Amino acid sequence: MKERLCIFVVTSTLLVLALFTSAIGADKEIIRVRGSESMADLVDAYAKEFMERNPNVNIVVSGGSGASDAFKALLEKEAEIVMQSHDIDSPEKEAAAKKGVDMMEKIIGWGGIVIVVIPTNTINELTADQVRKIFSGQITNWKQVGGFDEPIAVVVVGEKRAGTMEFFTRDFLKGSLAANAAVKAYFRSIIPTVAESTGATGFVRIRNIVQLKEKNQESRIKIIGIKKDENSPAILPSRETVNNGTYPITRPFFLYMDGKTGTSVAGKFLDFCAGKNPRPM
148 MKERLCIFVV TSTLLVLALF TSAIGADKEI IRVRGSESMA DLVDAYAKEF MERNPNVNIV
208 VSGGSGASDA FKALLEKEAE IVMQSHDIDS PEKEAAAKKG VDMMEKIIGW GGIVIVVIPT
268 NTINELTADQ VRKIFSGQIT NWKQVGGFDE PIAVVVVGEK RAGTMEFFTR DFLKGSLAAN
328 AAVKAYFRSI IPTVAESTGA TGFVRIRNIV QLKEKNQESR IKIIGIKKDE NSPAILPSRE
388 TVNNGTYPIT RPFFLYMDGK TGTSVAGKFL DFCAGKNPRP M
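So my numbering is basically just the index in the sequence shown, starting at one, shifted up by 147.
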């Protein structure tokens with residue numbers, strides 16, 4: 148009898164605690180943030196800092212949603228904020244207008260596109276225009292840009308949710324990739340592929356290079372300095388050069404919310420993120 152009573156008391160206590168915890172959680176305003184995997188870690192760090200200052204708020208950050216899926220979630224009220232690694236395009240603006248959504252936009256950081264080749268490649272720098280022509284297939288041999296006589300093998304990432312690729316083709320190339328470009332499933336496959344092919348080149352993100360350096364493996368590839376034009380100096384990508392805008396191939400990272408129906412707390416979180424010192428991702 149005593150054992151049954153003890154079990155009853157413990158069970159009842161746990162139930163009361165669960166209900167109490169649930170009640171506390173119910174008092175919090177939940178802000179759902181969805182979108183770009185590239186931005187998720189930084190936004191999650193900002194969310195934790197914001198929640199420490201605002202204990203009545205619970206911010207749930209989910210990275211990995213495709214740009215279109217995240218944008219749809221905002222329109223369908225399934226997310227209060229979306230992370231986008233490119234600005235919204237005309238079709239998205241039209242879709243938002245039809246739903247009566249007033250897109251509020253904030254830039255919270257910058258990404259750098261890093262061009263890599265095998266270390267034995269004699270090329271050390273390229274203009275931004277030369278990069279465009281190489282990756283679009285207009286330049287097909289390294290000798291066309293002052294290098295050795297070797298066909299260029301373009302290697303790109305094929306992630307379905309790669310906002311980097313969308314930016315690179317839509318905003319940087321303003322067209323299609325080279326028809327014979329080799330497609331790899333993930334960014335982590337680009338560097339080993341380039342490192343094993345004399346004529347190959349590919350692009351990765353700043354954080355991929357940072358991760359490579361942390362493993363003391365940066366000697367596997369050569370990073371190409373990029374010139375804005377023929378008369379500009381070649382700039383190597385780094386957190387500093389991306390952040391101060393001197394590196395030519397950069398892209399902004401955006402947060403979006405509905406300016407009409409979004410809560411004031413969601414708006415404060417947007418301002419909080421935008422007010423931080425933007426850093427490369």
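Think of the CB as a built atom: it goes at the ideal place given N, C-alpha and C, for glycine as much as any other residue.
Values in this document were obtained by computation on a predicted structure and should not be read as measured data.
Taking 7 Å as the cut-off, the Cβ atoms of Ile353 and Gly259 count as close. Across the structure, Gly392 and Ala275 are spaced so that their CA atoms are roughly 14 Å apart.
Looking at the backbone, the Cα of Ala332 and that of Ala413 are separated by about 35 Å. Counted as a single uninterrupted DSSP element, the stretch harbouring Glu227 is not any alpha helix (DSSP H), since DSSP gives it neither H nor E.
For the alpha helix (DSSP H) assignment, the uninterrupted runs of no fewer than 4 residues enclosed by the region 335–368 are, from N- to C-terminal side, 337–342 and 353–361. In the three-state reduction of the DSSP assignment, Thr397 falls in the strand class, which pools E and B. In the structure shown, the three-state DSSP call for Glu377 is coil.
In the structure shown, Ala325 falls within a coil segment according to DSSP collapsed to helix, strand and coil. Check the Cα spacing between Pro238 and each of Lys224, Lys219 and Met230: the tightest is with Lys219.
Counting along the chain, no beta strand (DSSP E) covers Leu189; the unbroken alpha helix (DSSP H) around it starts and ends at Glu184 to Arg200. For Tyr394 and Val261, the gap between their C-alpha atoms comes out near 10 Å. Contact between Leu359 and Gly372 does not hold, since their C-beta atoms are separated by about 17 Å, which reaches or exceeds 8 Å. Around the beta carbon of Ala326, fewer than 16 other beta carbons lie within 10 angstroms, which makes this residue exposed.
Between the C-alpha atoms of Ile368 and Thr340 there is a straight-line separation of about 10 Å.
Proximity to Arg279 across Asp234, Ile255 and Thr348 peaks at Thr348, based on C-alpha coordinates. Excluding residues up to 5 positions away in sequence, Val229 lie with their Cβ nearer than 6 Å to the Cβ of Leu221 in the same chain.
Under the three-state reduction of DSSP, Ala300 is assigned to strand. Remark: C-beta atoms of Asp234 and Phe401 approach each other more closely than 7 Å.
Proximity to Phe282 across Gly346, Pro266, Ala244 and Ala226 peaks at Gly346, based on C-alpha coordinates.
Rounded to the nearest whole angstrom, the CA to CA distance from Ser385 to Lys245 is 41 Å. Arg181 sits away from Ala242, with the two beta carbons spaced by 7 Å or more.
Per the coordinates, the alpha-carbon of Leu189 lies some 31 Å from the alpha-carbon of Ala328. For Ile255, the enclosing beta strand (DSSP E) covers residues Met250 to Val264.
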